[in-house]
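Heads up: the sequence lines are chains A and B, in that order.
Each residue of the first sequence is one higher than the one before, counting from 1 in full-length UniProt numbering.
Each residue of the second sequence is one higher than the one before, counting from 1 in full-length UniProt numbering.
Below is one structure, written out as structure tokens; comments come after it.
There are 2 protein chains.
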Amino acid sequence: MRIGELSRRTGVPARMLRYYEEQGLLEPERAGNGYRLYGGAAVYRVQQIRGLLDSGLTTEIIRRILPFLDAGDIHLRPQCLTPELAELLQAEADRITARIDCLARNRDALLRYLSTVRG
Amino acid sequence: MRIGELSRRTGVPARMLRYYEEQGLLEPERAGNGYRLYGGAAVYRVQQIRGLLDSGLTTEIIRRILPFLDAGDIHLRPQCLTPELAELLQAEADRITARIDCLARNRDALLRYLSTVRG
DNA sequence: GTTTGCCTTCACACTGATGTGAAGGTTTCA
DNA sequence: TGAAACCTTCACATCAGTGTGAAGGCAAAC
């Protein structure tokens, strides 16, 4: 699909799809006329990017961990994982866990208040 | 305590503590000479603010939900909760849940990859 | 063949969170 | 009395993510 359809299907402005590409998060094919061409998987990919951005990750962090988030097959060879990279991924996972804990704690407090007051 | 000590104890630059105050997230007392004076609870409060900011909330959202996050007592009277406010709090709780789901999904994928490759 | 609706790149503006530093007041200590 | 270490306000800069629009190419439809 072209950029307009992807934009419509994800609700993300075409401007941002180009920006995410510039940041190395999307790599669409190009048609002969220069138009960007996205596969169906791009819809999920874009939603994933937006969710992570909205949860406080930067495009730089997302770019680094993105190859390992859908790791079905290709990256499974151990030589892809240098010790430094493993450490980075583990550190990011830990930061994400800290975010989850913080969010869960505060959301629960919010819901507790709501249910108490609502009676 | 004064701003320097709070900064030291939280690791947050004094500059940002003043900014959070400007945004309505902190309300320190003032000494006769104009110095800001924080109570001990400010340490936790600041860490809470930082955690939420790092998880994608804005100072504006934090300001709105903050009074209800520590709701031990004061705000428990139902007349504090207009239907509009309840809706807003519920909507924010839902957004937070969406963030948690997104983060957990991607963190789990990351950890799955790590444990597979590490063997 | 011109209009219409896509698409392209490029540039400039804005916003929120943050860094940096100037200019000056207060307290403490040598 | 003066230096050192606090504090104050104010202003200007930076950075990432986003909005907006200009100038122009391509393609389908009338």
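Don't be surprised by glycine CBs; every beta carbon is placed ideally from N, CA and C.
| What is the C-beta distance between residue 56(A) and residue 55(B), in whole angstroms, given that I count them as a contact (C-beta under 8 Å)? | Working through the first sequence from its first residue, we reach residue 56(A) at position 56. Working through the second sequence from its first residue, we reach residue 55(B) at position 55. Between residue 55(B) and residue 56(A) the Cβ distance is about 5 Å, and since that is below 8 Å, they are a contact.
| query | Can we count residue 93(A) as close to the ligand ADP, meaning its CB is less than 7 Å from some heavy atom? | reply | The ligand ADP is not part of this structure, which contains no ligands at all.
| said: Can you tell me whether residue 45(A) is buried or exposed? The criterion is at least 16 other CB atoms within 10 Å of its CB, across all chains shown. | reply: Here the question's residue 45(A) lines up with position 45 in the first sequence. Here residue 45(A) is buried: its Cβ has 16 or more other Cβ atoms, across all protein chains shown, within 10 Å.
| Beta carbon of residue 81(B), beta carbon of residue 117(A): below 8 Å? | Locating residue 81(B) in the second sequence gives position 81, where the first residue counts as 1. Locating residue 117(A) in the first sequence gives position 117, where the first residue counts as 1. Taking the C-beta atoms as reference points, residue 117(A) is found nearer than 8 Å to residue 81(B).
| said: Less than 8 Å between CB atoms is the rule here; does residue 91(A) satisfy it with respect to chain B? | reply: On the first sequence, residue 91(A) is found 91 positions in, with the first residue counted as 1. Answer no: the Cβ-Cβ gap between residue 91(A) and chain B never drops below 8 Å.
| message | When you compare the segment 25-41 of chain B with the segment 83-99 of chain A, are there three or more beta-carbon pairs, one atom per stretch, that lie closer than 8 Å? | response | Because the criterion of three Cβ pairs below 8 Å is not met, the segment 25-41 of chain B and the segment 83-99 of chain A do not touch.
| query | Does residue 99(A) get closer than 8 Å to chain B when you measure Cβ to Cβ? | reply | If you number the first sequence from 1, residue 99(A) lands on position 99. Answer yes: the Cβ-Cβ gap between residue 99(A) and chain B drops below 8 Å somewhere.
| field | Cβ distance (whole Å) where residue 96(A) is taken to contact residue 107(B) below 8 Å | value | Numbered from its first residue, the first sequence carries residue 96(A) at position 96. Numbered from its first residue, the second sequence carries residue 107(B) at position 107. That belief holds up - the Cβ atoms of residue 96(A) and residue 107(B) are roughly 4 Å apart, short of 8 Å.
| message | For residue 6(B) and residue 13(B), what's the separation of their Cα atoms in angstroms? | response | Against the second sequence, residue 6(B) aligns to sequence position 6. Against the second sequence, residue 13(B) aligns to sequence position 13. Each residue's alpha carbon lies about 9 Å from the other.
| query | If we call anything under 8 Å between Cβ atoms a contact, is residue 110(A) one with residue 89(B)? | reply | The residue given as residue 110(A) occupies position 110 in the first sequence. The residue given as residue 89(B) occupies position 89 in the second sequence. Judged by their CB atoms, residue 110(A) and residue 89(B) are nearer to each other than the 8 Å cut-off.
| query | Are the C-beta of residue 45(A) and some C-beta of chain B separated by less than 8 Å? | reply | Here residue 45(A) refers to the residue found at position 45 of the first sequence. Output row for residue 45(A): interface = no.
| Proximal residues of chain A, C-beta to C-beta of residue 41(B) below 9 Å | Along the second sequence, read from residue 1 onward, the residue named residue 41(B) stands at position 41. Residues of chain A whose Cβ lies closer than 9 Å to the Cβ of residue 41(B) do not exist, since the nearest Cβ in that chain is about 15 Å away.
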